[in-house]
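As they're listed, the protein sequences go chains R and P. For what it's worth, numbering that gives the first Met the number 0 labels the leading residue of the first sequence as 0, then goes sequentially. For what it's worth, numbering that gives the first Met the number 0 labels the leading residue of the second sequence as 0, then goes sequentially. Note that CB positions come from ideal geometry on N, CA and C, so glycine has one too.
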Amino acid sequence: MKKFVLSRVLQAIPTLWVIATLTFFMTRFAPGGPFDAEKAIPQEIKVKLESHFGLDRPLFDQYLLYLKNLLRGDLGPSFKYPGWEVSELIATAFPVSLTLGVLSLGIALLIGIPAGIIAALRKNTWLDYLPMSLSMAGICLPTFVLGPLLIYIFSTQLGLFPPLGWYGPADWVLPSFTLGLFYAAYVARLTRAGMLETLQQDYVRTARAKGASPWQVVTKHALRGGLLPVVTYLGPAFAGLISGSFIIESIFFIPGLGKFFVTAAFNRDYTMVLGTVLFYAALIILLNLLVDLLQAWLDPKARQAQ
Amino acid sequence: MRTELTSHKFHPLIAWVGCLCVAWFLQGCSRPSNVETALDENILHFGLGAEPQHLDPHLATSVAAHNILSALLEGLVSEHPETLKPVPGVAHRWEKLEEGKTYLFYLRDNALWSNGDPVTAHDFVYSFRRILNPNLGAQYASMLHPLKNAKLYHEGKKTWEEAKVGAEAIDNYTLKITLEHPIPYFLELLNHYSWFPVHRPTLEKFDAFEKMGTPWTKPGNFVGNGPFQLVEHQINSVIAAGKNKHYWDASSVRLEGIRFYPIESVDTEERAYRAGFLHLTQSVSADRIDYLKEKYPEELYFEPYLGTYFYRFNLKSPPFDDLRVRQAFSLAIDRQRLVEKVLKGGQTPANTFTPPGTGGFYPQPQFLYDPKKARRLLDSYLSEKGLERLPPIELTYNTSEGHKKVAEALHGMWNEALGVEIRLFNMEWKVFLSTISKGEFSLARAGWIGDYVDPHTFLHMWRSGEGLNMTGWANASYDQALKLGETSNSEQERWKNFQICEDLLAKDFPVLPLYFYVHLTLRHPTVRGWYPTLLDHHPYKYVYLQKEEAP
Chain R
0 MKKFVLSRVL QAIPTLWVIA TLTFFMTRFA PGGPFDAEKA IPQEIKVKLE SHFGLDRPLF
60 DQYLLYLKNL LRGDLGPSFK YPGWEVSELI ATAFPVSLTL GVLSLGIALL IGIPAGIIAA
120 LRKNTWLDYL PMSLSMAGIC LPTFVLGPLL IYIFSTQLGL FPPLGWYGPA DWVLPSFTLG
180 LFYAAYVARL TRAGMLETLQ QDYVRTARAK GASPWQVVTK HALRGGLLPV VTYLGPAFAG
240 LISGSFIIES IFFIPGLGKF FVTAAFNRDY TMVLGTVLFY AALIILLNLL VDLLQAWLDP
300 KARQAQ
Chain P
0 MRTELTSHKF HPLIAWVGCL CVAWFLQGCS RPSNVETALD ENILHFGLGA EPQHLDPHLA
60 TSVAAHNILS ALLEGLVSEH PETLKPVPGV AHRWEKLEEG KTYLFYLRDN ALWSNGDPVT
120 AHDFVYSFRR ILNPNLGAQY ASMLHPLKNA KLYHEGKKTW EEAKVGAEAI DNYTLKITLE
180 HPIPYFLELL NHYSWFPVHR PTLEKFDAFE KMGTPWTKPG NFVGNGPFQL VEHQINSVIA
240 AGKNKHYWDA SSVRLEGIRF YPIESVDTEE RAYRAGFLHL TQSVSADRID YLKEKYPEEL
300 YFEPYLGTYF YRFNLKSPPF DDLRVRQAFS LAIDRQRLVE KVLKGGQTPA NTFTPPGTGG
360 FYPQPQFLYD PKKARRLLDS YLSEKGLERL PPIELTYNTS EGHKKVAEAL HGMWNEALGV
420 EIRLFNMEWK VFLSTISKGE FSLARAGWIG DYVDPHTFLH MWRSGEGLNM TGWANASYDQ
480 ALKLGETSNS EQERWKNFQI CEDLLAKDFP VLPLYFYVHL TLRHPTVRGW YPTLLDHHPY
540 KYVYLQKEEA P
């Protein structure tokens, strides 16, 4: 197991390097620059700005310098917010996105897994059709429709939750549900598929023949295998959730990472783009590793393969 | 296959505890809105639009920055809340000498920084020197070029001492300012944040004199001299200012604080307003005007705003290198129809480039609608070139539903009057800016918001070689008239010269003015002391909150 983890960590290094390199050159080759503005900046001022941010050096030198700083954990200052370091901005925004992501995932799992299990156990009955139809609706309904709809019902009409902001637990409810319901729909469908396959397995039949109660059959025997597709999906889904959602953050005015990620690209905030991309990449790598470990724990075949 | 789930006994007590928890949570969630608590707390909740890039007055470049900096800092003069005319600020009086070429400002001795230090004339000289410092790279440094020899220092041709820049502290409380030439709107200019003072010891502490991006503007570090001081700054969340007890006129300041929310989405901002999260919004979506007019007729404001929406022609490439084509394109536009049927937001048709009434200047309307003449002019061009019709014209604009709507409306008008095929090219903002600055366009969208209430803020754009021009148009007569309008002390003379500039624009058609902006906003009835102003400036020390009177 140790060997496996170590090899995955070592594989992550060249992956991150390739991502950093591609992102560095792609951002630089995109038309427009960080200092382009409607009121054109005088050339001499532009030169000063470029010199301040090191953009006056040859591109390859800039790249080497960036990698050198990266090795020291220095992501550089933001071009858009020059008084702030990229790492400082990520450190401020990530806890917000993490909270939103964890809550949304919790909601997705709490709704999606039971709905998927019930649908699988009651295949081809209304208890199957109803949650699966709702989940299809959940997948099709974009968050920019669901979010304002939830705001209208629970904030404007019922006055139960604040419509926007991120100042206290009450503010967390509507955005977490908006994001969570979307993922719950996927989780429900994956759980149903996984459970249907597992319930056909010999070991489940054996358990049933040996007199295990239906509850035991599901919780002790079928669920472990039935959740494997969900677990595989969870890695990238969780990385996506905690690295921020631009749409949810815009609708609910949440100071999360998603907004930095998208606006940095629009602003040609080179360091911020690189910082967020690398952070996101590192998260995906880490979470994929965790998923593999979790799968190994759930599935003996996978453990053997590793 | 059907599998029975065991029905485990579910204790009713658990259900009750669960229900109580949910009820308790929901009870906790329903808290009073910002607007409800604001009357007791005296806090204004302000929709800021975008997050400002800088809170350093010498590096700031945006409307959002102005909205915050005018709370945190005060210049030599301040603004009247209704007319924006200069009223005493840090200077309690001033003298105009040599027909407006020299000013003596007498600073009040009770003007203090938020840490209790006195604000002196030396602070202003230090601040002017800093923004003009070529190493700082301040984008708005040219706003101080009216100071005598400031340009020489700013361009690095001379040191501050060698250049003898026209800003001198006679003593702690007397500041002498000498200009290159008299500028009639000089006092109004002083209310632009580029002229605001900074606290020297703070800047020195953070080594910020010629360095951008130092943390001196963060809460806890920022020392200002305005009616409010910075207390909190969370990027993309909130910028909070509290009352500055050291402000010389603190007793007149009625608000205890202002919270600025950088909500970029107009839809989110409107929802925030409707839920009582904001007292005022930065803007309103054009698509929502009809709904808001019906639901919030008393809270939706259409206020004049000093800005012109226009298109640039590229005079360096055909067919717009020919005057007849440019003129035909202008004459084919029914601006009245554009604002009434397409925009519907209270905008007014732009028949001049400078909005009428800017600083008291009313230019003669010249960009008129005459589709028959437009057709004749185009036919004359086509027959001379031996063409049957114009090749398709590319119209470039930055991605936005509003710009698209205007572009499509004009496409229709040109097609109808001239039979021209227009190809619409929308581009992401930075790509658009890069394309326009390289001159790789035929016809491109633009907009300009005045920095001060004088026609010069609009007309200087079209000076030959000016960075904002970007059309390839140059006209010596225009440059001369602009210069005379800039420097003359007589209003009559100035308006005469500015009218010449307008005439030349309407004669050569390097640009296509379309409409004058309107500031659309939602404002809560409890907000008082807030008046419509052309620059959308609202000195906060006059703003207060008062309970709505019962109907």
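Whole angstroms is fine: what's the gap from residue i's alpha carbon to residue j's?
{"i": "ILE176 (chain P)", "j": "LEU256 (chain R)", "result": "47 Å"}
{"i": "HIS220 (chain R)", "j": "VAL203 (chain R)", "result": "6 Å"}
{"i": "LEU47 (chain P)", "j": "GLY225 (chain R)", "result": "50 Å"}
{"i": "ALA349 (chain P)", "j": "HIS455 (chain P)", "result": "17 Å"}
{"i": "LYS100 (chain P)", "j": "GLY225 (chain P)", "result": "28 Å"}
{"i": "ASP507 (chain P)", "j": "LEU513 (chain P)", "result": "16 Å"}
{"i": "TYR260 (chain P)", "j": "THR201 (chain P)", "result": "26 Å"}
{"i": "LEU277 (chain P)", "j": "PHE440 (chain P)", "result": "41 Å"}
{"i": "ALA626 (chain P)", "j": "LEU5 (chain R)", "result": "A query on residue 626 (chain P) cannot be resolved here, the shown segment of chain P reaching from 0 to 550 and no further."}
{"i": "GLU263 (chain P)", "j": "PHE259 (chain R)", "result": "13 Å"}
{"i": "THR520 (chain P)", "j": "TYR269 (chain R)", "result": "34 Å"}
{"i": "TYR185 (chain R)", "j": "ILE435 (chain P)", "result": "45 Å"}
{"i": "THR26 (chain R)", "j": "LEU70 (chain R)", "result": "20 Å"}
{"i": "GLY115 (chain P)", "j": "ALA90 (chain P)", "result": "18 Å"}
{"i": "VAL230 (chain R)", "j": "LEU109 (chain R)", "result": "14 Å"}
Using a Cβ-Cβ cutoff of less than 6 Å, which residues in the same chain neighbour residue i once the five nearest sequence positions on both sides are dropped?
{"i": "LEU286 (chain R)", "result": "GLY234, PHE237 and ALA238"}
{"i": "SER487 (chain P)", "result": "ARG493"}
{"i": "ALA140 (chain P)", "result": "ILE130, LEU131 and HIS153"}
{"i": "GLN365 (chain P)", "result": "ALA505"}
{"i": "ILE499 (chain P)", "result": "ALA480"}
{"i": "HIS79 (chain P)", "result": "VAL86"}
{"i": "LEU240 (chain R)", "result": "GLY100, SER103 and LEU104"}
{"i": "ARG422 (chain P)", "result": "PRO391 and GLU393"}
{"i": "HIS198 (chain P)", "result": "TRP112 and VAL222"}
{"i": "GLU94 (chain P)", "result": "LEU103"}
So residue i packs on residue j, CB below 8 Å; how close in whole Å?
{"i": "PHE227 (chain P)", "j": "ILE257 (chain P)", "result": "6 Å"}
{"i": "PRO509 (chain P)", "j": "LEU314 (chain P)", "result": "6 Å"}
{"i": "HIS53 (chain P)", "j": "PRO147 (chain R)", "result": "The pair is not a contact, with the Cβ atoms about 33 Å apart (cut-off 8 Å)."}
{"i": "ALA187 (chain R)", "j": "SER249 (chain R)", "result": "Not confirmed; about 27 Å, so no contact."}
{"i": "LEU75 (chain P)", "j": "PHE104 (chain P)", "result": "5 Å"}
{"i": "TRP215 (chain P)", "j": "ALA207 (chain P)", "result": "5 Å"}
{"i": "VAL124 (chain P)", "j": "LYS147 (chain P)", "result": "The pair is not a contact, with the Cβ atoms about 13 Å apart (cut-off 8 Å)."}
{"i": "THR307 (chain P)", "j": "GLY446 (chain P)", "result": "7 Å"}
Taking 7 Å as the limit between beta carbons, can you name the residues of its chain near residue i, skipping five residues before and five after?
{"i": "LEU277 (chain R)", "result": "LEU15, ILE18 and ALA19"}
{"i": "LEU151 (chain P)", "result": "LYS157 and ALA162"}
{"i": "PRO51 (chain P)", "result": "ALA59, SER61, ALA63, ALA64 and ILE67"}
{"i": "GLU3 (chain P)", "result": "Legend: pLDDT at GLU3 (chain P) = 41, less than 50; position of this residue unreliable, value from coordinates given subsequently. Cβ within range, chain order: n/a, list empty."}
{"i": "PHE9 (chain P)", "result": "In this prediction, PHE9 (chain P) has a pLDDT of 47, which is less than 50 and means its spatial position is unreliable; what the coordinates show is noted afterwards. None."}
Quick one: residues in its chain with C-beta nearer than 8 Å to the C-beta of residue i, no 5 flanking neighbours on either side, listed in chain order?
{"i": "LEU155 (chain R)", "result": "Here the sequence assigns Thr to residue 155 (chain R), which means Leu is not the residue at that position. Excluding positions up to five away in sequence, the list reads PRO162."}
{"i": "LYS38 (chain R)", "result": "none"}
{"i": "ILE184 (chain P)", "result": "The question names Ile, but residue 184 (chain P) in the sequence shown is Tyr. These residues qualify, in order along the chain: GLY358, TYR451, VAL452, ASP453 and HIS455."}
{"i": "LEU140 (chain R)", "result": "PHE181"}
{"i": "PHE424 (chain P)", "result": "GLU393, LEU394, THR395 and TYR396"}
{"i": "LEU64 (chain R)", "result": "GLY53 and ARG56"}
{"i": "PHE245 (chain R)", "result": "GLY257, LYS258, PHE260 and VAL261"}
{"i": "GLU35 (chain P)", "result": "GLY275"}
Note down, in chain order, all residues in the region 429-458 of chain P with a beta-carbon under 7 Å from any beta-carbon belonging to chain R. Listed in sequence order: LYS429, VAL430, LEU432, SER433 and SER436.
Quick one: any contact between the region 395-405 of chain P and the region 354-371 of chain P, if contact means 3 or more CB pairs under 8 Å? no
Determine contact between the region 491-505 of chain P and the region 385-396 of chain P, defined as no fewer than three beta-carbon pairs at a distance below 8 Å. The region 491-505 of chain P, when compared against the region 385-396 of chain P, does not touch it at the 8 Å Cβ threshold.
Inspect the CB distances between the region 325-343 of chain P and the region 404-418 of chain P and report whether three or more fall short of 8 Å. yes
Residues within the region 188-220 of chain P neighbouring chain R, beta-carbon criterion of under 9 Å: Those would be LYS210, MET211, GLY212, THR213, PRO214, TRP215, THR216 and LYS217, in chain order.
Are the region 112-122 of chain R and the region 188-199 of chain R in contact at 8 Å, needing three or more beta carbon pairs? yes
Should the region 465-484 of chain P be called in touch with the region 369-376 of chain P, which here means at least 3 C-beta pairs below 8 Å? no
At a CB distance below 8 Å, what residues from the region 461-486 of chain P approach chain R? Give them in sequence order. GLY466, LEU467 and MET469
Note down, in chain order, all residues in the region 25-45 of chain R with a beta-carbon under 9 Å from any beta-carbon belonging to chain P. ALA29, PRO30, GLY31, GLY32, PRO33, PHE34, ASP35, ALA36, GLU37, LYS38, ALA39, ILE40, PRO41, GLN42, GLU43, ILE44 and LYS45
Within 8 Å of chain R by C-beta, residues of the region 245-277 of chain P in sequence order: TYR260, ILE262, GLU263, SER264, ASP266, THR267, ARG270, ALA271, ARG273, ALA274 and PHE276
Between the region 530-549 of chain P and the region 315-322 of chain P, do at least 3 Cβ pairs fall closer than 8 Å? no
What residues from the region 120-139 of chain P come within 8 Å of chain R, judged by C-beta to C-beta, listed N to C? PRO133, ASN134, LEU135, GLY136, ALA137 and GLN138
Could you run through the region 153-166 of chain R and flag, in chain order, every residue whose CB is less than 8 Å away from some CB of chain P? Residues SER154, THR155, GLY158, LEU159, PHE160, PRO161, PRO162, LEU163, GLY164 and TRP165.
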